[in-house]
Amino acid sequence: MQKRWVLKPKNDSNKTQNLQTELNVSSIIANLLVGREVETFEQAKLFFRPSLEDLHDPFLMKDMDVAIHRIERAIGNNEKILIYGDYDVDGTTAVSVVYSFFRAFHSRIEFYIPDRYLEGYGISTEGIDYAAKHDFTLIIALDCGIKANDKIEYANSKGIDFIIGDHHMPGDTIPQAVAVLDPKRIDCPYPYKELSGCGIGFKIIQAFILKNSMNMEEAYQFLDLVAVSIASDIVPITGENRILAHYGLKKLNTNPSIGLQALIDLSSNKTGIFSVNDIVFQIGPRINAAGRIEHAKDAVNLLISKSKEEAANFSASVDDQNNQRKDFDLQITTEALAIIENSASNQARKSTVLYKSDWHKGVIGIVASRLTEKYYRPTVILTHTNGHIAGSARSVIGFDLYEALSECSDLLEQFGGHKYAAGLTMKEENIPLFQEKFENVVQRTIKPEMLQQEVSIDMEITLDQIDSKFYRLLKQFEPFGPQNEAPIFMSKGILVHGNAYIVGNNHLKMTIFQEGAPLYDCIGFGLAEHANYINSKKPFDICYSIEENSWRGKKKLQLNIKSIRY
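Count along the sequence shown from 1, then add 59; that gives the number in the numbering used here.
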């Protein structure tokens, strides 16, 4: 599928020129910085030289003082504390961080992760009943709880206090917990709103350390886990998250926790250097697999391991679950693609809604993402579980999935999520009705350009503007991620040197040049279809990112081509 190229709007030329002069950098670098809202020398210093000293005071978060006071009282009275969290990477890392910190000086502490299939997302009645049965008087909930008003009322009736540490959007009313920590609360003055759930857990630890005059290194030891949560939960790599990710990656790449080291040993990354992208594809899926296939407590047990032997045992279990997850993923994706490819009516649609009763619920979200990538249209994958139909939905850029599901709410038992991802349940007899109504909503509301994958291009440059100094400055833009993506450039009038050839699974490898510029090696994943045209020696345009390729100990700049047009 040919991608739609979208060149970002030009930045204010005065701001770009002023910054170029102030920093003594090229106009390209200055332009990239202004596009990231870095417009002054001081802002550039913060951007290029992140410092832990620039983390915000955790007590700026509403209710933080109340939360710390309640935790201190629980420890002082030797109460039983339960650390509760969601079953995904963000939730399990958050629980691991807070549990590991407090267990060092409070023995009456446990953790609880809800069962994905029996309890579902968030705070459950079963979890509260477990706490009541085992005499827990304080629950610290992480990465969930901001809309659990009825569950908090239930806990209050049982004499159990809640501290909620969440980062999702609140509802109309805040739960009646002892403390509700969420920067997205309208009444919360905390300066940075985009922390991960694990980031909220880190701020609780940071606040406790400040209040009790402890060494802040006690918090910094968990930065690698915070970085894993930031990468895996796809939160913006801006502001405070950028500082936490920067130092978290440093720790991950030099002195990771015992549990994370066990996961690193299982990964295919042999360079020893992990980026945000590497976490997303090699560490995050293994942690997630525990909750998808069996129970996410296995992931927490791995991440809180105190010995290499313990970590090795848990990592082997988690890796086995990840292999099962990959098998389910491949099987269901293959079946789903076959359903579409064998049906002309399915191919003609502007949405995909597929159902099979035996598809594994734990991977239908992954399959929905794969089908969205393949056919680039809003997608819902449904399966039968616990007496009802459950589904995972994914969208394309610009299309509001949540709004589309809202228009179908009469056919749904419940649904939740956001613009690009959602979960839903319905009765089995409503599946055909939902397929038609969802398709009608999509047809009526989606714009044609939304059905074509786009490449967002930072700016057009010529190949002679790329050199080692330029790349060194680009490297300092890392860590890359949402709202700080690796820059994508466009260059026109490109010619191949020699011939392009196909490698691996439909990938394109070639050496290119532009008049007056040096030769550059390129890799274009999934772009083999362009080989014949390129080898005709006619000019073409490319958009690409710049990276460093290591081969037999030698490093060389390489262009990673995202799209080709002619």
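Quick reminder that beta carbons are idealized off the backbone N, C-alpha and C, glycines included.
Where the beta strand (DSSP E) containing residue i begins and where it ends
{"i": "Phe-118", "result": "First-last for Phe-118: undefined, no H or E at that position."}
{"i": "Asp-580", "result": "579-583"}
{"i": "Leu-616", "result": "613-624"}
{"i": "Leu-441", "result": "438-444"}
{"i": "His-5", "result": "Look at the range of the chain in this structure, 60 to 625, and you will see that residue 5 is not part of it."}
{"i": "Ile-168", "result": "168-171"}
{"i": "Asp-220", "result": "220-224"}
{"i": "Ser-364", "result": "Looking at the DSSP string, Ser-364 is not in any beta strand (DSSP E), and its letter there is neither H nor E."}
{"i": "Asn-312", "result": "Taken as a continuous stretch (DSSP letters only), Asn-312 belongs to no beta strand (DSSP E), being part of the alpha helix (DSSP H) at 298-313."}
{"i": "Gly-552", "result": "548-562"}
{"i": "Val-412", "result": "411-414"}
{"i": "Gly-450", "result": "447-453"}
{"i": "Ala-238", "result": "238-240"}
{"i": "Leu-141", "result": "139-144"}
{"i": "Ile-516", "result": "513-516"}
Residues near residue i in its chain [Cβ-Cβ closer than 6 Å; skip 5 each side]
{"i": "Ser-410", "result": "Arg-436, Pro-437, Phe-497, Glu-498 and Val-501"}
{"i": "Lys-551", "result": "Asp-600"}
{"i": "Asn-558", "result": "Asn-594"}
{"i": "Leu-532", "result": "Ile-88"}
{"i": "Ala-236", "result": "Ile-211, Phe-221 and Ile-223"}
{"i": "Phe-161", "result": "Ile-168"}
{"i": "Lys-206", "result": "Gly-230"}
{"i": "Gly-540", "result": "Ile-296 and Val-335"}
Distance, residue j Cα to residue i Cα
{"i": "His-165", "j": "Ala-266", "result": "17 Å"}
{"i": "Gly-446", "j": "Gly-424", "result": "19 Å"}
{"i": "Tyr-92", "j": "Ala-103", "result": "According to the sequence displayed, residue 92 carries Leu and not Tyr. Leu-92 and Ala-103: Cα-Cα distance of roughly 8 Å."}
{"i": "Leu-82", "j": "Ala-89", "result": "8 Å"}
{"i": "Gly-181", "j": "Ile-571", "result": "52 Å"}
{"i": "Gly-641", "j": "Gln-280", "result": "Residue 641 cannot be examined here, being either before or after the span of the chain that is shown, 60 to 625."}
{"i": "Lys-252", "j": "Ala-397", "result": "43 Å"}
{"i": "Lys-210", "j": "Ala-355", "result": "21 Å"}
{"i": "His-556", "j": "Lys-621", "result": "19 Å"}
{"i": "His-226", "j": "Thr-232", "result": "15 Å"}
{"i": "Leu-322", "j": "Ser-374", "result": "6 Å"}
{"i": "Phe-458", "j": "Ile-623", "result": "25 Å"}
{"i": "Val-294", "j": "Gly-150", "result": "14 Å"}
{"i": "Thr-80", "j": "Phe-100", "result": "10 Å"}
{"i": "Leu-308", "j": "Lys-433", "result": "31 Å"}
{"i": "Asn-73", "j": "Ser-85", "result": "14 Å"}
{"i": "Tyr-249", "j": "Leu-119", "result": "5 Å"}
{"i": "Ala-290", "j": "Asn-382", "result": "21 Å"}
{"i": "Gly-135", "j": "Leu-389", "result": "52 Å"}
{"i": "Glu-369", "j": "Asn-70", "result": "53 Å"}
{"i": "Thr-184", "j": "Tyr-213", "result": "8 Å"}
{"i": "Leu-114", "j": "Leu-254", "result": "12 Å"}
{"i": "Lys-597", "j": "Leu-554", "result": "7 Å"}
{"i": "Tyr-592", "j": "Tyr-625", "result": "9 Å"}
Residue environment, residue i, which counts as buried when at least 16 other CB atoms sit within 10 Å
{"i": "Tyr-146", "result": "buried"}
{"i": "Thr-431", "result": "buried"}
{"i": "Asp-45", "result": "Only positions 60 to 625 of the chain appear in this structure, which leaves residue 45 out of reach."}
{"i": "Arg-503", "result": "exposed"}
{"i": "Thr-392", "result": "buried"}
{"i": "Pro-315", "result": "buried"}
{"i": "Leu-177", "result": "exposed"}
{"i": "Lys-310", "result": "buried"}
{"i": "Met-485", "result": "buried"}
{"i": "Val-562", "result": "exposed"}
{"i": "Tyr-414", "result": "buried"}
{"i": "Arg-351", "result": "buried"}
{"i": "Met-509", "result": "buried"}
Any non-hydrogen atom of the ligand ADP within 7 Å of residue i CB
{"i": "Leu-91", "result": "Only the bare structure without any ligand can be found here, which leaves the ligand ADP out of the picture."}
Limits of the unbroken alpha helix (DSSP H) element including residue i
{"i": "Ser-374", "result": "367-400"}
{"i": "Ile-198", "result": "Where Ile-198 is concerned, there is no enclosing alpha helix (DSSP H), although the beta strand (DSSP E) it sits in stretches over 195-201."}
{"i": "Glu-466", "result": "460-466"}
{"i": "Glu-606", "result": "Not the alpha helix (DSSP H): Glu-606 falls in the beta strand (DSSP E), residues 599-610."}
{"i": "Ser-216", "result": "208-216"}
{"i": "Val-287", "result": "282-291"}
{"i": "Met-123", "result": "123-135"}
{"i": "Ser-155", "result": "148-162"}
{"i": "Val-426", "result": "423-434"}
{"i": "Asp-188", "result": "184-192"}
Nonlocal neighbours in the same chain, by C-beta distance under 8 Å from residue i, ignoring five residues either side
{"i": "Lys-67", "result": "Gly-94, Ser-515, Ile-516, Asp-517 and Met-518"}
{"i": "Pro-109", "result": "Arg-301, Ile-302, His-305 and Tyr-306"}
Cβ-based neighbour list, residue i, same chain, cut-off 7 Å, excluding 5 preceding and 5 following
{"i": "Phe-340", "result": "none"}
{"i": "Phe-493", "result": "Val-412, Cys-467, Leu-470 and Met-485"}
{"i": "Tyr-158", "result": "Ile-142, Ile-168, Phe-170 and Ile-363"}
Would you mind listing the alpha helix (DSSP H) stretches within the region 462-505 that are 4+ residues and don't spill past its ends, in chain order? 490-504
Continuous beta strand (DSSP E) assignments of at least 3 residues falling wholly in the region 65-94: none
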